[in-house]
Amino acid sequence: MASFQDIGLSAAINLLSAFAFLVAFAILRLQPVNDRVYFPKWYLKGIRGSPTHSGAIVSRFVNLHCSTYIRFLNWMPAALRMPQPELIDHAGLDSVVFIRIYLLGLKMFVPITLLAFAVLVPVNWTGGTLEHIKDLTFSDIDKLSISNVPSGSKRFLAHLVMSYVFSIWACYALYMEYKQIAAMRLRFLASADRRPDQFTVLVRNVPPDPDESVCEHVEHFFCVNHPDHYLQHQAVYNANNLATLVAKRKSFQNRFTYYNNKHERNPSKRPTTKTGLWGLWGTTVDAIDYYASEIEKLTEEERTERAKIMSDPKSIIPAAFVSFKSRWGAAVCAQTQQSSNPTIWLTEWAPEPRDVYWHNLAIPYVELTIRRLLMAVALFLLIFFFMIPIAFVQSLANIEGIQKVFPFLKPLIDLKTIKSLTQGFLPGIALKIFLILLPTILMTMSKIEGFTSLSTLERRSAGKYFWFILVNVFLGSIVTGTAFQQLKSFLDQPPTEIPKTVGVSIPMKATFFITYIMVDGWAGIAAEILRLVPLIVFHLKNTFLVKTDQDREQAMDPGSLDFAICEPRIQLYFLLGLVYAVVAPILLPFIIVFFAFSYIVFRHQVINVYDQKYETGAAFWPDVHRRLIICLIISQLLLMGLLSTKKAMQATPLLLALPILTIWFHKYCQGRFESAFVKFPLQNAMVKDTLERATEPSLNLRAYLQDAYIHPVFKGGEMERPKVVDEEESSPLVQTKRNSVKSSKNNSESGNEGVTPDL
Numbered sequence: 001m002a003s004f005q006d007i008g009l010s011a012a013i014n015l016l017s018a019f020a021f022l023v024a025f026a027i028l029r030l031q032p033v034n035d036r037v038y039f040p041k042w043y044l045k046g047i048r049g050s051p052t053h054s055g056a057i058v059s060r061f062v063n064l065h066c067s068t069y070i071r072f073l074n075w076m077p078a079a080l081r082m083p084q085p086e087l088i089d090h091a092g093l094d095s096v097v098f099i100r101i102y103l104l105g106l107k108m109f110v111p112i113t114l115l116a117f118a119v120l121v122p123v124n125w126t127g128g129t130l131e132h133i134k135d136l137t138f139s140d141i142d143k144l145s146i147s148n149v150p151s152g153s154k155r156f157l158a159h160l161v162m163s164y165v166f167s168i169w170a171c172y173a174l175y176m177e178y179k180q181i182a183a184m185r186l187r188f189l190a191s192a193d194r195r196p197d198q199f200t201v202l203v204r205n206v207p208p209d210p211d212e213s214v215c216e217h218v219e220h221f222f223c224v225n226h227p228d229h230y231l232q233h234q235a236v237y238n239a240n241n242l243a244t245l246v247a248k249r250k251s252f253q254n255r256f257t258y259y260n261n262k263h264e265r266n267p268s269k270r271p272t273t274k275t276g277l278w279g280l281w282g283t284t285v286d287a288i289d290y291y292a293s294e295i296e297k298l299t300e301e302e303r304t305e306r307a308k309i310m311s312d313p314k315s316i317i318p319a320a321f322v323s324f325k326s327r328w329g330a331a332v333c334a335q336t337q338q339s340s341n342p343t344i345w346l347t348e349w350a351p352e353p354r355d356v357y358w359h360n361l362a363i364p365y366v367e368l369t370i371r372r373l374l375m376a377v378a379l380f381l382l383i384f385f386f387m388i389p390i391a392f393v394q395s396l397a398n399i400e401g402i403q404k405v406f407p408f409l410k411p412l413i414d415l416k417t418i419k420s421l422t423q424g425f426l427p428g429i430a431l432k433i434f435l436i437l438l439p440t441i442l443m444t445m446s447k448i449e450g451f452t453s454l455s456t457l458e459r460r461s462a463g464k465y466f467w468f469i470l471v472n473v474f475l476g477s478i479v480t481g482t483a484f485q486q487l488k489s490f491l492d493q494p495p496t497e498i499p500k501t502v503g504v505s506i507p508m509k510a511t512f513f514i515t516y517i518m519v520d521g522w523a524g525i526a527a528e529i530l531r532l533v534p535l536i537v538f539h540l541k542n543t544f545l546v547k548t549d550q551d552r553e554q555a556m557d558p559g560s561l562d563f564a565i566c567e568p569r570i571q572l573y574f575l576l577g578l579v580y581a582v583v584a585p586i587l588l589p590f591i592i593v594f595f596a597f598s599y600i601v602f603r604h605q606v607i608n609v610y611d612q613k614y615e616t617g618a619a620f621w622p623d624v625h626r627r628l629i630i631c632l633i634i635s636q637l638l639l640m641g642l643l644s645t646k647k648a649m650q651a652t653p654l655l656l657a658l659p660i661l662t663i664w665f666h667k668y669c670q671g672r673f674e675s676a677f678v679k680f681p682l683q684n685a686m687v688k689d690t691l692e693r694a695t696e697p698s699l700n701l702r703a704y705l706q707d708a709y710i711h712p713v714f715k716g717g718e719m720e721r722p723k724v725v726d727e728e729e730s731s732p733l734v735q736t737k738r739n740s741v742k743s744s745k746n747n748s749e750s751g752n753e754g755v756t757p758d759l
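Letter by letter, the sequence shown follows residues 1 to 759 of this note's numbering.
Dropping the structure here:
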C-alpha cells in the first residue's frame with residue numbers, strides 16, 4: 001500500500017517528466033524548422049508564413065535570438081488571452097465546448113475540494129479507527145479517508161450531509177453549463193455562414209421501383225411531396241473499391257517521389273526495392289521503374305472502375321443527398337416522416353460534406369440493425385474478456401505480485417527507493433500502456449455499425465470507451481481478483497449487494513488512482529503538447545518527399561481533437577472526483593491539477609495546432625451530460641454500499657433520494673435543452689432565409705450546392721448528374737416512366753399521390 005513517501009516520489013517523477021516535456025516543447029517551438037509543426041493552423045488559414053532568415057545559414061534551422069528563450073513559457077498566458085467569441089470564430093464551437101469540459105471540472109471540483117478539506121478531512125483524520133486495529137497495514141493517506149471513521153459513528157452524518165451538498169453543486173454546475181452551451185449552439189447556428197448541410201437532408205432506404213431508377217424515383221418523390229422547396233439531389237454511388245484504388249495509387253506516388261528524390265541526390269546509383277509487402281522481400285527491381293509502372297496500372301484500373309460505376313445502375317445505392325431551396329424546407333423534411341410506411345424514405349439532416357463517412361453509405365439499410373446488435377454483443381465480450389489481462393497486469397504492478405512471479409527480484413525490490421518507485425509509479429504506467437490499442441478497436445466496431453458521419457462514429461466510440469473505462473479501469477481496478485472471480489462473486493449475490501461489495505474496496509484503491517492521475521493526467525497531457533510523433537513524421541516527409549511549397553503544406557499534420565478518446569478520459573476524472581469526494585478527498589487536488597493543466601494545454605492546441613475535420617455545433621454535448629449524470633449516480637450508489645458496511649444503516653435510506661432526484665434532474669435537462677441539439681427551429685430557419693434573400697437576391701443556390709455532396713473520388717472529374725426538372729410552378733403533375741400496375745401500387749405506398757404515369 002502506497003504511503004505519502006511513495007506518492008511523493010511518484011509526484012516528483014511525473015512533475016519532472018511534465019516539466020521536461022514543457023521545456024522541450026518551449027525550445028522546439030521556437031526553432032524556424034519546426035514552425036509548421038507547432039503552428040500549422042495559422043499556415044492553413046494563410047495568416048502565417050515561413051520565418052524569414054538573415055545572416056548565417058544556421059538561422060534557417062535554429063533560433064539564434066537568446067531573448068526569446070527567456071520567455072519560453074509565455075505560451076501559457078497567450079493561450080488564455082483569446083476571448084471566447086473570437087475563439088469560436090477561429091476554431092469552431094466543437095473545439096470551444098470541448099475545452100469547456102475541463103473548465104466545468106474546475107468549476108465543479110474547486111469548491112468541492114475546499115469544502116471536503118474543511119469538513120471531511122478533519123472528521124476522517126480524528127476518527128482513530130485504523131490505529132486500534134491489530135495486524136493491519138495502513139498509511140497516513142488512509143487516515144484521511146472514510147476508512148478511519150469507526151463503524152456506527154455519528155461522524156457519518158458529516159459524510160451524508162456533504163454527499164447532498166456535493167450532488168446539488170454538481171447538478172447546479174451541469175445545469176448552468178447545459179443552459180449556456182445550448183444558447184451558444186443556437187447563436188452559432190443562427191450566425192453561421194451559409195453551408196451545404198443547412199439546405200440538405202440525407203434520404204435512406206429509398207424503396208425500389210421496377211420502372212424508375214433510384215435517381216428518377218427520388219426526384220419525382222420530392223417534386224410531388226415538397227413541390228415548393230425541392231431543388232435538386234445527388235445520388236450516392238458505391239465507390240468504395242474506387243476509393244481503395246485511389247488511396248493505393250497515392251501511396252505508390254509517395255514512394256515514387258521518395259525514390260526519385262533519392263536518385264536526384266545521387267544520380268550515379270539507381271535505387272532498388274523488393275516487390276513484396278512493404279518492400280521487405282520478393283524480387284529486387286529498379287524502384288523508380290517499378291513504381292512508375294504500378295502507378296500506370298492503378299491509373300488504368302481507376303479509369304475502368306470509374307466507367308463501371310457510372311454505367312452500372314447497381315452502383316447507385318438506395319440513398320441520396322436531397323437539397324432544398326431554403327433552410328426552412330430542409331428543416332421540415334429532415335424533422336418529419338415522409339411516408340405512411342415509417343421504414344422507407346427515412347430522412348435526417350445531412351452531415352456537412354467533410355463530415356460524411358462515405359464508406360458506410362453503401363451499406364444496405366436493412367443490415368444496420370443486425371450489425372449494431374452484433375457489435376453490442378462484441379462490445380460486451382470485449383469488456384468482459386479485457387478484464388483478464390487488466391487483472392493480470394494489476395496483479396503484477398505491485399510488490400506482492402512481482403515477488404510472487406519473479407522471486408529472484410526480492411532483494412532489489414526491498415530497496416527503499418525501488419519499493420517506492422514500484423508502488424507509486426508502476427501501476428499507473430502499466431494500465432496506461434495496456435490501453436493504447438483500445439481506441440482503434442472501438443472505432444473499428446463503430447464503423448462496422450454503419451454510421452454515416454465521422455462525428456457520429458466518434459460519439460459512438462466515445463460511448464463504448466466510457467463503458468469500457470467504467471467497467472475495466474474503474475470497477476476492474478477496485479474489485480480484486482480475476483475476471484471470472486469477479487463475475488462469480490457478482491452472480492452469487494443479489495444485485496442490491498453489488499454496491500456494498502464494490503464500495504468497501506473503494507478507499508483501498510485511492511492511492512492507485514492517484515498514481516494513474518499523475519501518469520495519465522500530468523505527464524500524459526504534457527506529452528500531448530510536445531507532438532513528438534507529428535514532429536518526426538513532418539521532418540521525414542520534408543526530407544524525402546517535399547519538393548514544392550505545396551508538398552510542404554501536405555506534409556503538415558495539424559491533427560484534431562480526438563473526441564473518441566479524450567471525452568471518456570475526462571469523464572473518468574469526473575467519476576473519480578465524484579466517488580472520492582466523500583470517501584477520500586486527498587484525491588481531489590490531483591484532479592484539479594489535471595483539469596487546470598489540460599485546459600491550458602488544449603486551449604493552446606486549439607488556437608495554434610488542431611484543424612478540426614468537421615463542425616457539428618457541439619452536437620456531442622447531450623452525450624457528455626448523460627455520462628456525467630451516470631458518474632454522479634454511480635458515486636451515490638457506491639457511497640450507499642460503503643456506508644452500509646460501516647453499520648451506518650440509518651444513513652443509507654436517507655441517501656436513496658439522491659439517485660432518484662439526480663435522474664429527475666437529468667430528465668428535466670433533457671426536456672429543457674436537448675431539442676436544441678437534435679432539431680433546428682423553423683423560426684430561426686425562416687429568419688436566416690429571409691435575411692439571405694434580402695442581402696443576396698442574385699444567389700445561385702443550385703450552383704452553390706451542385707458539387708457539395710459528390711464523393712471525393714469523383715471531384716475534379718466527369719460526373720453524371722441527375723436531370724433537372726423544369727420548375728413549372730403552374731403544373732401540379734410530374735411526368736414519370738411508370739406504366740405497370742405494380743409500380744402504381746408502389747407509388748401509392750410511397751406517398752407519390754398526384755404523379756401521372758406515361759400512357
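Even glycine gets a Cβ: it sits at the ideal position worked out from N, Cα and C. Bear in mind the structure is a predicted one, so any value in this text is a computation, not a measurement.
Mind checking which residues open and close the beta strand (DSSP E) that includes Lys41?
Unbroken run through Lys41 is the alpha helix (DSSP H), Pro40 to Leu44; no beta strand (DSSP E).
Tell whether a beta-carbon distance below 8 angstroms holds between Val473 and Ile383.
no
How long is the line joining the alpha carbons of Ala192 and Asp94, rounded to whole angstroms?
13 angstroms
What distance in whole Å lies between the Cβ atoms of Cys215 and Ile316, which are believed to be in contact at a cut-off of 8 angstroms?
7 angstroms
Excluding five sequence neighbours on each side, which residues of the same chain lie with their C-beta closer than 8 angstroms to the C-beta of Ile600?
Met76, Ala79 and Leu80
Below 8 angstroms on the Cβ atoms is my guess for Ser145 versus Val579; work out the distance and round it to an integer in Å.
Going by Cβ atoms, the distance from Ser145 to Val579 rounds to 12 angstroms, so no, they are not a contact pair.
Measure the alpha-carbon distance for Phe321 versus Met176 and round it to whole angstroms.
37 angstroms
Cα-Cα separation, Glu696 to Pro196
16 angstroms
Between which residues of its own chain and Phe39 is the CB-CB distance below 7 angstroms, once the five residues before and five after are set aside?
Arg48 and Asn608
Let me confirm a value: Glu553 is counted as buried when at least 16 other C-beta atoms fall within 10 Å, else exposed. Which label applies?
exposed
Comparing C-alpha positions only, which one of Phe595, Ala564 and Gly559 sits nearest to Leu576?
Phe595
In chain order, what residues of the same chain have a beta carbon less than 7 angstroms from the beta carbon of Phe665, not counting five sequence neighbours either side?
Cys171
Under the assumption that Pro766 contacts Thr444 (Cβ atoms under 8 angstroms), give the Cβ distance between them as a whole number of angstroms.
The first residue shown for the chain is 1 and the last is 759, placing residue 766 beyond what the model contains.
Report the three-state DSSP secondary structure of Val96 (helix, strand or coil).
helix
Does the Cβ of Tyr516 have 16 or more other Cβ atoms within 10 Å, making it buried, or fewer, making it exposed?
buried
Taking the alpha carbon of Arg693 as the reference point, which residue from Thr244, Val203, Ala116 and Trp328 has its own alpha carbon closest?
Trp328
At the level of alpha carbons, what is the spacing between Arg187 and Lys325?
23 angstroms
Using C-beta distances below 8 angstroms, list every residue in its chain close to Asn241, excluding the 5 sequence neighbours before and after it, in chain order.
Glu305
Rounded to whole angstroms, what is the Cα-Cα separation between Phe484 and Arg627?
Because the pLDDT of Phe484 is 41, which lies under 50, any placement of that residue in the model is unreliable, and the number read from its coordinates should be weighed accordingly. Answer to the nearest angstrom: the Cα atoms are 27 angstroms apart.
Between which two residues does the alpha helix (DSSP H) carrying Val583 extend?
Phe563 to Val583
Going by beta carbon distance, what residues of the same chain come within less than 7 angstroms of Ala11, once the five residues before and after it are set aside?
Met518
Out of curiosity, what's the CA-to-CA distance linking Leu160 and Gln636?
10 angstroms
Which of the three DSSP states is assigned to Ile317 in this structure?
strand
Could you please give the first and the last residue of the uninterrupted alpha helix (DSSP H) stretch that includes Thr304?
Ala287 to Ser311
Based on Cα-Cα distance, which residue from Ser323, Glu212 and Tyr237 lies nearest to Leu361?
Tyr237
With three or more C-beta pairs closer than 8 angstroms as the rule, is the segment 534–545 touching the segment 254–273?
yes
Quickly, what does DSSP pair Val356 with across the bridge? List them, please.
Ser453
Residues bridged to Glu348 [DSSP beta-bridge criterion]:
Leu202
Rounded straight-line distance, which links the Cα of Arg303 to that of Ala243
12 angstroms
His539 by DSSP, collapsed to three states: which one?
helix
Inter-residue CB distance, Leu587 and Phe513 (contact presumed, cutoff 8 angstroms)
6 angstroms
Need the endpoints of the beta strand (DSSP E) that Leu231 sits in, please.
Tyr230 to Tyr237
Kindly list the residues whose CB is nearer than 7 angstroms to the CB of Ile295, restricted to its own chain and excluding five residues on each side of it in sequence; keep chain order.
Arg249, Phe252, Gln253 and Phe256
Would you grab the beta carbon distance between Phe677 and Pro622 for me? Rounded to a whole angstrom, and I think it's under 8 angstroms.
5 angstroms
Ile141 and Ile7 - do their beta-carbons sit closer together than 8 angstroms?
yes
Just list the residues that DSSP pairs Thr273 with in beta bridges.
Val285
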